[in-house]
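Protein chains: 4
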Amino acid sequence: MNSTIVQSDINFSLDPANGAPIYRQIIQQIEYGILSGRMKSGDRLPTIRSLAVNLKINPNTIAKAYNELEIKGILATQVGSGTYISDKKPGLEEDARLQKVGEVLRRFIQEMKDLGVDTDELIALIKSFPQR
Amino acid sequence: MNSTIVQSDINFSLDPANGAPIYRQIIQQIEYGILSGRMKSGDRLPTIRSLAVNLKINPNTIAKAYNELEIKGILATQVGSGTYISDKKPGLEEDARLQKVGEVLRRFIQEMKDLGVDTDELIALIKSFPQR
Amino acid sequence: MNSTIVQSDINFSLDPANGAPIYRQIIQQIEYGILSGRMKSGDRLPTIRSLAVNLKINPNTIAKAYNELEIKGILATQVGSGTYISDKKPGLEEDARLQKVGEVLRRFIQEMKDLGVDTDELIALIKSFPQR
Amino acid sequence: MNSTIVQSDINFSLDPANGAPIYRQIIQQIEYGILSGRMKSGDRLPTIRSLAVNLKINPNTIAKAYNELEIKGILATQVGSGTYISDKKPGLEEDARLQKVGEVLRRFIQEMKDLGVDTDELIALIKSFPQR
DNA sequence: GTGGTCTAGACCACT
DNA sequence: GTGGTCTAGACCACA
Chain A
11 MNSTIVQSDI NFSLDPANGA PIYRQIIQQI EYGILSGRMK SGDRLPTIRS
61 LAVNLKINPN TIAKAYNELE IKGILATQVG SGTYISDKKP GLEEDARLQK
111 VGEVLRRFIQ EMKDLGVDTD ELIALIKSFP QR
Chain B
11 MNSTIVQSDI NFSLDPANGA PIYRQIIQQI EYGILSGRMK SGDRLPTIRS
61 LAVNLKINPN TIAKAYNELE IKGILATQVG SGTYISDKKP GLEEDARLQK
111 VGEVLRRFIQ EMKDLGVDTD ELIALIKSFP QR
Chain C
11 MNSTIVQSDI NFSLDPANGA PIYRQIIQQI EYGILSGRMK SGDRLPTIRS
61 LAVNLKINPN TIAKAYNELE IKGILATQVG SGTYISDKKP GLEEDARLQK
111 VGEVLRRFIQ EMKDLGVDTD ELIALIKSFP QR
Chain D
11 MNSTIVQSDI NFSLDPANGA PIYRQIIQQI EYGILSGRMK SGDRLPTIRS
61 LAVNLKINPN TIAKAYNELE IKGILATQVG SGTYISDKKP GLEEDARLQK
111 VGEVLRRFIQ EMKDLGVDTD ELIALIKSFP QR
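Pasting the structure below:
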């Protein structure tokens, strides 16, 4: 008999051409999932094995991602039960989210400037970006 | 007799805290130098050894950067003479630039969506971004 | 759990009297291996270290060969996992092959003309060439 | 007062993308010029300086080519007068020419075979090659 | 002087 | 275990 558990509906997607290592892509997607509110405290994460099968990668890689997040206090592992999103999510509060948004934005604007795209063009580009 | 040679006036600078490997920082600075028009076809690059001395790194590291750009067809080397910017610069044409812009933009919008920022907010953010 | 991995059955062989540098001989053998169909997309190449031991050369030399092919998009590496033949193999497609054929042909005809052999003689020569 | 001197009508052309070093391209063009009969004993070669200017390369490079051919006995230098094609041209008689033709042909056919072009296709290709 | 090749070896991140 | 980065240094061919 099982209490109802919310299985995190996160859709992990790996981009081999991303450049970032696989374990870091996983970490980011979990963190962003929490930041954006799609994942909440107490949600259960997929098991290492099932995720490894789904993503066709080495279980060790997922373990490394989960482990790093547990060290940060963002995840909590209960042996025999699974991995859950911790109640306290240090560094993932609203403030942190805004800070992260600013960071990504700054880097993006700089890169676009390097590519010769100024802010006005940028806005036009985003407005015309196909919403899917 | 003086053959006029344009020595590229690029100012290489390395950022140890960048995270990106040294040779890749050099590659990017050359590519951006060409994209921005500061460096033109036929320009001569600093010699491997002189740049190595200036940047206080091993010549092999410079050679690795130059070599990758030669494989890509962006640079052309003449042993005994030096390294030059190739006439045809595949991957650095206007088309390629636009493609690159689209790529960066797409990834950025996706990342912002993951962070819970929708397109309207995005535009507002960019508009309010401090222009320096 | 066993992921089936096709280990490339390529037999690398170095010819010290070849004149071509070692790393280039390796590159050519991989390219020809793909062209001839002996190696297919997704096949795993020997590890850098194992090949270095087999060929009794420095691992860096193998790495240089693999690296150049990766820049060209012919190989794809996954650190910690190995080096694989890429799905898309630019420069080894049929179009590129035909272009290469034209290039070699043009250079050959020019060289023969320099040697005082005109096209008619050339055809006669090739027809009489001992087929083995 | 000057005895009539036949200035060699050789048209040197360098191909930077050839791969072969410049000085070797010059050597080959002189040897082929003799083999094909376009250049004869006693013909005068361009001066090092004039050729250097025409080809826009370093005079040392031409000197190196001339020097190597003089060592072989193919050229003869008369200080203050110029460089001439020697009376005796060791290794450049008719026999040598035929041997060279065979050598180039063999290498070409092998390379085409490696590229998947058989002899019949080859003949068709050459026949259809635009004669200029 | 120029760049190219190769070796040797250290240290790192990733799977 | 895998490949990646970087250093140090030797030797070579070329302009």
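Taken in sequence, the protein lines are chains A, B, C and D.
First residue of the first sequence: 11, per the numbering used here; consecutive thereafter.
First residue of the second sequence: 11, per the numbering used here; consecutive thereafter.
First residue of the third sequence: 11, per the numbering used here; consecutive thereafter.
First residue of the fourth sequence: 11, per the numbering used here; consecutive thereafter.
Here a beta-carbon is modelled for each residue, glycine too, at the ideal position from N, C-alpha and C.
Which chain C residues are close to TYR7(D), counting only those with a beta carbon under 9 Å from its beta carbon? Residue 7(D) lies beyond the stretch modelled for chain D, which goes from 11 to 142, so this question has no answer here.
Check whether chain B comes within 8 Å of ILE81(C), counting only Cβ atoms and requiring the distance to be less than that. True, the Cβ-Cβ gap to chain B drops below 8 Å.
Restricting to Cα atoms, I'd like to know which of GLY52(A), THR71(A) and ASP53(A) is closest to LEU61(A). Nearest to LEU61(A) by alpha-carbon distance, out of GLY52(A), THR71(A) and ASP53(A), is THR71(A).
For GLU78(B), which residues from the same chain have a beta carbon less than 8 Å from its beta carbon, with the 5 sequence-adjacent residues on both sides left out? Same-chain partners within the cutoff: TYR33 and ILE37.
Judging by CA-CA distance, which residue of LEU65(C), ALA73(C), LEU125(C) and LEU115(C) is the nearest neighbour of ASP25(C)? Its Cα nearest to that of ASP25(C), the residue LEU65(C) stands out among LEU65(C), ALA73(C), LEU125(C) and LEU115(C).
So that I know if they touch, is there some Cβ in chain D lying closer than 8 Å to that of GLU121(C)? Yes, GLU121(C) counts as interfacial toward chain D.
On a Cα-Cα basis, can you pick out the residue from PHE139(C), ILE119(C), PRO69(C) and LEU45(C) that is closest to LYS137(D)? Among PHE139(C), ILE119(C), PRO69(C) and LEU45(C), the Cα nearest to that of LYS137(D) belongs to ILE119(C).
Just the C-alpha distance for ARG116(D) and ILE40(D), rounded to the nearest angstrom, thanks. The straight-line gap from Cα to Cα measures roughly 22 Å.
Where do the ends of the beta strand (DSSP E) carrying THR93(B) lie? Following the DSSP letters along the chain, one finds THR93(B) inside the beta strand (DSSP E) bounded by residues 92–95.
Can you give me, in chain order, the residues of the region 37–67 of chain B that have a beta carbon less than 8 Å from any beta carbon in chain A? Interface annotation for the region 37–67 of chain B against chain A: TYR42, LEU45 and SER46, criterion Cβ-Cβ distance under 8 Å.
Keeping to the same chain, check which residues put their C-beta closer than 8 Å to that of ILE58(B); ignore five residues upstream and five downstream. Excluding sequence neighbours, ILE58(B) sits near PRO69, ILE72, ALA73, TYR76 and THR93.
Provide the residue span of the beta strand (DSSP E) that contains THR129(A), from first to last. It is not in any beta strand (DSSP E) - THR129(A) instead sits in the alpha helix (DSSP H) that spans 129–137.
Please confirm whether LEU24(C) has its beta-carbon closer than 8 Å to some beta-carbon of chain D. Chain D contact via Cβ: absent.
Just reading off the beta strand (DSSP E) that ALA30(D) is part of, what are its end residues? Run containing ALA30(D): none; DSSP gives neither H nor E here.
Run down chain B in chain order and give the residues with a C-beta less than 8 Å from the C-beta of LYS99(A). Within chain B, no residue has its CB atom less than 8 Å from the CB of LYS99(A), the nearest being about 15 Å off.
To the nearest angstrom, report how far apart LEU132(D) and GLU104(D) are at their CA atoms. Those two C-alpha atoms are separated by around 27 Å.
Under the three-state DSSP convention, the category ARG54(C) falls into: DSSP places ARG54(C) in strand when its eight states are reduced to three.
Cβ of ARG34(A) within 8 Å of any chain B Cβ: So no, ARG34(A) is outside the interface.
Nearest to ASP97(A) by alpha carbon, out of GLN35(A), ASN28(A), ASP53(A) and TYR42(A)? With distances taken between Cα atoms, ASP97(A) lies closest to ASP53(A).
GLY43(B) burial status per 10 Å Cβ neighbour count (16 or more: buried): GLY43(B) is classed as buried because its beta carbon has at least 16 other beta carbons within 10 Å across all chains shown.
Kindly give me the distance between the Cβ atoms of ARG48(B) and ILE20(B), rounded to whole angstroms, as I take these residues to be in contact under 8 Å. ARG48(B) to ILE20(B), Cβ: 7 Å. Contact.
Can you tell me the Cβ-Cβ gap for PHE22(C) and THR129(D), rounded? I've got them flagged as a contact below 8 Å. Wrong, their Cβ atoms sit about 29 Å apart, outside the cutoff.
Measuring only between beta-carbons, confirm whether THR71(C) sits less than 8 Å from chain D. In terms of beta-carbon proximity, THR71(C) stays away from the interface with chain D, with every pair separated by 8 Å or more.
According to DSSP, is VAL125(B) helix, strand or coil? This sequence places Leu at residue 125(B); Val is not what is there. Reduced to three states, the DSSP call for LEU125(B) is coil.
Nearest candidate by alpha-carbon position, reference ALA86(D), set PRO31(D), ALA27(D), LEU125(D) and SER51(D): Of PRO31(D), ALA27(D), LEU125(D) and SER51(D), the residue nearest in Cα terms is SER51(D).
Reduced DSSP secondary structure (H/G/I, E/B, other) of LEU85(A): Assignment of LEU85(A) by DSSP, reduced to helix, strand and coil, places it in the strand class.
Given GLY112(A) as reference, the closest of GLY126(B), LEU45(B), VAL111(B) and GLN109(B) once Cα atoms are compared: If we check each option's Cα against that of GLY112(A), GLY126(B) comes out closest.
Using a threshold of 8 Å, state whether the C-beta atoms of LYS110(A) and LEU55(A) are closer than that. No, the pair does not count as a contact, with Cβ atoms beyond the cut-off.
How big is the Cα-Cα spacing for GLU80(A) and ALA106(A)? GLU80(A) and ALA106(A): Cα-Cα distance of roughly 18 Å.
Give the DSSP-derived three-state secondary structure of LYS74(A) in the structure shown. In this structure, LYS74(A) counts as helix in the three-state DSSP scheme.
In angstroms with no decimal places, state the Cα-to-Cα distance between ALA30(A) and VAL114(C). When rounded, the distance between both Cα atoms is 40 Å.
For a test of the three-state rule: what should DSSP assign to PRO140(C), helix, strand or coil? Coil at PRO140(C), not helix or strand.
Which chain C residues sit within Cβ distance under 7 Å of VAL89(D)? Neighbours of VAL89(D) on chain C: none; closest Cβ ~30 Å, over 7 Å.
Can you grab the Cα-Cα spacing for the pair GLU121(B) / ILE67(A), in whole Å? GLU121(B) and ILE67(A): Cα-Cα distance of roughly 23 Å.
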